[in-house]
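Each residue of the sequence shown is one higher than the last, beginning at 127 in our numbering.
Ideal placement from N, C-alpha and C gives every residue a C-beta, glycine not left out.
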Amino acid sequence: MQTSSLDRRNVPQLEASRINIFVGPNGGGKSTVLDMVRALKNVDIIKTIARENMRSTTAATSIIHFNNGTWVASIFNKLAIDEFGTYISVTTQDNRYLFEGSIYSKASKPPKELVKVIEKLNAKISFRSTHDERGVRIKNIINALNIDGKHLVGLAPHPLRPDQVEYTRSPNENDTYKHANPIRYIDKSTLGVFLNDDLGQDNHIPIKMLPSGWRAYAGLLGWLNSVDDDQICVIEEPEVHLHPTLQRLMMARVSEIVIRKNLQLFISTHSSVLIDVSSWPVPDTRLFEVNGYALAELTFPARALAGLGIKPSDVFQANGVIWVEGASDRIYILNWLSEWCSMHGKKMPVENLDFSFVLYGGSTLGHFTSSAAPGLIDIFSINRNSIVIMDRDLDFQRAPDGTDICINKRCVKYQVWTDITKHNSNTGFCWVTEGYTIESYLPPTFLNNYYKLVNSRLTKTSTKSKVAIAAQFKVETSSFNESFDPASDLPVRIEKLFKTIEAWKL
127 MQTSSLDRRN
137 VPQLEASRIN
147 IFVGPNGGGK
157 STVLDMVRAL
167 KNVDIIKTIA
177 RENMRSTTAA
187 TSIIHFNNGT
197 WVASIFNKLA
207 IDEFGTYISV
217 TTQDNRYLFE
227 GSIYSKASKP
237 PKELVKVIEK
247 LNAKISFRST
257 HDERGVRIKN
267 IINALNIDGK
277 HLVGLAPHPL
287 RPDQVEYTRS
297 PNENDTYKHA
307 NPIRYIDKST
317 LGVFLNDDLG
327 QDNHIPIKML
337 PSGWRAYAGL
347 LGWLNSVDDD
357 QICVIEEPEV
367 HLHPTLQRLM
377 MARVSEIVIR
387 KNLQLFISTH
397 SSVLIDVSSW
407 PVPDTRLFEV
417 NGYALAELTF
427 PARALAGLGI
437 KPSDVFQANG
447 VIWVEGASDR
457 IYILNWLSEW
467 CSMHGKKMPV
477 ENLDFSFVLY
487 GGSTLGHFTS
497 SAAPGLIDIF
507 SINRNSIVIM
517 DRDLDFQRAP
527 DGTDICINKR
537 CVKYQVWTDI
547 TKHNSNTGFC
557 WVTEGYTIES
567 YLPPTFLNNY
577 YKLVNSRLTK
587 TSTKSKVAIA
597 AQFKVETSSF
607 NESFDPASDL
617 PVRIEKLFKT
627 IEAWKL
């Protein structure tokens, strides 16, 4: 094997981050990439890295760089059925250490010379191999479950459903401790668990009988909290047993630990939740795809869905949908929402992630419903989180109590409006503009330049298109308070819009 010709500048390089997510199909190579990292401190894994029955004239090469200037080069070529020619070099700022020889896949121990070379690499690497509480101190398991008890269905801090029966207990009984510490230690195999429907006493439950998702969640967090600071941690499919809601909570908690302990993570996953790198609180998070023949960084997470075998019909493209009559409505809504967030110190929701717009174009709305009526398109089947914004026109009146009344039941808006009103959903609502159209919310100084009210109808007087007028409005306004008619209810509407979009994230 000739190694002198190796030039690391000719090997394609990818930069790792604080949190590195690897996706791809089964057999695509995710575990191989993670094992390359693990092998830097576990020489027993090195003999398993060369997994392909290569030609003797070819070589498998990898180079791994560390921030401190150390780098490791590995080359393998096939010499026999279970023999690999191996070249491993560890280069530090002070010296270079080299192993060149053979390793055998069936050997019980790696060559001593190889062990000495790997030991020169000053890196701390840990691997999480289980999806439960094994290998983690019971104290860490209990702490993780108690901290997030309010998110674990059935535990004392988790709220009861409105229709859930609560067992009778003493009215003077203090639940403060039980809510703060719903799980306590009894012995090495048993826990005391306070449930939310019978707080009068705890239940003695074997650890093995806890929900598998709780055990996986607490096991991972307990393990990360137990590793030394400044570690590289390798984790295979941490989403196993976890509901998507618990996966999102896991992302938040793992990120807190990563920052506090200065960890670097290498994670393989099949989860559509974990690949959303924008949802990880750690900004330095990267997504990579391993598809069986190449390793590449994905800067747009949606591209990874195909690699996970997910069709567009399997997931919503955004958390919710805002239905508007035309393109100009979208411009106004985005501008008002952005200015409102800026004024109140809120983070502006991300279009096409937190919400998307759909244009229904006036009479088209007559083909929609929100109650799955036969022959019509169900808005909530497109996305259960839906807000429909309607121009008042001459079809609605505002009652003294602030509610809207449809006075033209033959209008195309009536079906959707009445269905959504009856639906009374917490994830969507119908917004009927206070004035004739969405433009009625504009400040009079701007509105009067392009529109005038004629027989209760707002009529355009400018030759500019509605979209061009909306674009001009966006240029001329610089704050929320100057962007609307102060006599209108727009602030209330925008606040409700923002809160609803935020609720879609939960």
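In its own chain, which residues sit with a C-beta less than 8 Å from the C-beta of residue i, not counting the 5 before and 5 after it?
{"i": "Asn-168", "result": "Ile-251, Phe-253"}
{"i": "Ser-381", "result": "Ile-145, Trp-406, Pro-407, Val-408"}
{"i": "Arg-263", "result": "Gly-348, Ser-352"}
{"i": "Asp-356", "result": "Lys-250, Lys-387, Asn-388, Leu-389"}
{"i": "Asp-161", "result": "Ile-171, Thr-174, Ile-175"}
{"i": "Ser-157", "result": "Glu-362, Ser-394"}
{"i": "Leu-281", "result": "Leu-271, Gly-275, Pro-308, Ile-309, Val-319, Phe-320, Leu-321, Asn-322"}
{"i": "Asn-266", "result": "Ala-344, Leu-347, Gly-348, Trp-349, Asn-351, Ser-352"}
{"i": "Ile-383", "result": "Leu-347, Leu-350, Asn-351, Leu-389"}
Can you tell me whether residue i is buried or exposed? The criterion is at least 16 other CB atoms within 10 Å of its CB, across all chains shown.
{"i": "Asn-607", "result": "exposed"}
{"i": "Tyr-113", "result": "In this structure the chain extends from 127 to 632, so residue 113 is not present and cannot be described."}
{"i": "Tyr-343", "result": "buried"}
{"i": "Val-216", "result": "buried"}
{"i": "Asp-527", "result": "exposed"}
{"i": "Gly-501", "result": "Any reading at Gly-501 needs caution, since the residue's pLDDT is 48, under 50, leaving its predicted position unreliable; the model's value is listed next. Classification of Gly-501: exposed, given that the 10 Å Cβ count is below 16."}
{"i": "Ile-620", "result": "buried"}
{"i": "Gly-418", "result": "exposed"}
{"i": "Lys-304", "result": "buried"}
{"i": "Pro-570", "result": "exposed"}
{"i": "Ser-200", "result": "buried"}
{"i": "Gly-195", "result": "exposed"}
{"i": "Ile-273", "result": "exposed"}
{"i": "Pro-567", "result": "According to the sequence displayed, residue 567 carries Tyr and not Pro. The residue in question, Tyr-567, is buried, as its Cβ has 16 or more Cβ neighbours within 10 Å."}
{"i": "Pro-308", "result": "buried"}
{"i": "Met-335", "result": "exposed"}
{"i": "Thr-212", "result": "buried"}
{"i": "Gln-523", "result": "exposed"}
{"i": "His-470", "result": "exposed"}
{"i": "Ser-609", "result": "buried"}
{"i": "Ile-207", "result": "exposed"}
Whose C-beta lies closer than 6 Å to the C-beta of residue i among residues of the same chain, with five residues either side of it excluded?
{"i": "His-277", "result": "Leu-375"}
{"i": "Ala-629", "result": "none"}
{"i": "Asp-455", "result": "Ile-564"}
{"i": "Pro-438", "result": "The predicted model places Pro-438 with a pLDDT of 43, which falls under 50 and marks its position as unreliable; any figure quoted below should be read in that light. Nothing listed; no residue qualifies."}
{"i": "Cys-467", "result": "Met-474"}
{"i": "Ile-627", "result": "Pro-475, Asp-480, Phe-481"}
{"i": "Ala-422", "result": "Glu-415"}
{"i": "Pro-364", "result": "Leu-346"}
Going by DSSP, which residues form a beta bridge with residue i?
{"i": "Ile-448", "result": "Phe-483, Ile-513"}
{"i": "Gln-390", "result": "Ile-358"}
{"i": "Ala-206", "result": "Glu-209"}
{"i": "Val-216", "result": "Val-198, Tyr-223"}
{"i": "Asp-410", "result": "Bridge partners of Asp-410: none, in fact."}
{"i": "Ala-422", "result": "Glu-415"}
{"i": "Glu-477", "result": "Phe-481"}
{"i": "Pro-332", "result": "Thr-316"}
Is there a Cβ of chain C sitting closer than 8 Å to that of residue i, yes or no?
{"i": "Gln-598", "result": "Although the question refers to chain C, the structure presented lacks it and comprises just one protein chain."}
Cutting at 7 Å between CB atoms, please list the residues of its own chain near residue i, excluding the five before and the five after it.
{"i": "Ala-385", "result": "Rather than Ala, the amino acid found at residue 385 in this sequence is Ile. Excluding sequence neighbours, Ile-385 sits near Val-408."}
{"i": "Lys-600", "result": "Ile-457, Asn-461"}
{"i": "Ala-484", "result": "Sequence check: residue 484 is Val here, not Ala. The residues are Val-447, Trp-449."}
{"i": "Asp-611", "result": "Tyr-567, Leu-568, Pro-569, Pro-570"}
{"i": "Gly-153", "result": "Gly-418"}
{"i": "Ala-596", "result": "Ser-454, Ile-457, Tyr-458"}
How is the alpha helix (DSSP H) around residue i delimited, first residue to last?
{"i": "Phe-572", "result": "570 to 573"}
{"i": "Cys-467", "result": "453 to 470"}
{"i": "Glu-628", "result": "616 to 630"}
{"i": "Ala-342", "result": "338 to 352"}
Considering residue i, what are the terminal residues of the beta strand (DSSP E) in which it resides?
{"i": "Leu-224", "result": "222 to 230"}
{"i": "Ile-531", "result": "530 to 532"}
{"i": "Arg-524", "result": "522 to 524"}
Every unbroken beta strand (DSSP E) within the stretch 243 to 330, with a cutoff of 3 residues, ordered by chain: Correct list: 251 to 254, 309 to 313, 316 to 319.
3-residue-minimum beta strand (DSSP E) runs that sit fully inside the stretch 557 to 611, ordered along the chain: You should have 577 to 580, 583 to 586.
Inside the stretch 135 to 204 only - alpha helix (DSSP H) runs reaching at least 4 residues: Those alpha helix (DSSP H) runs which fall completely within the stretch 135 to 204 and span 4+ residues are 156 to 164, 169 to 175.
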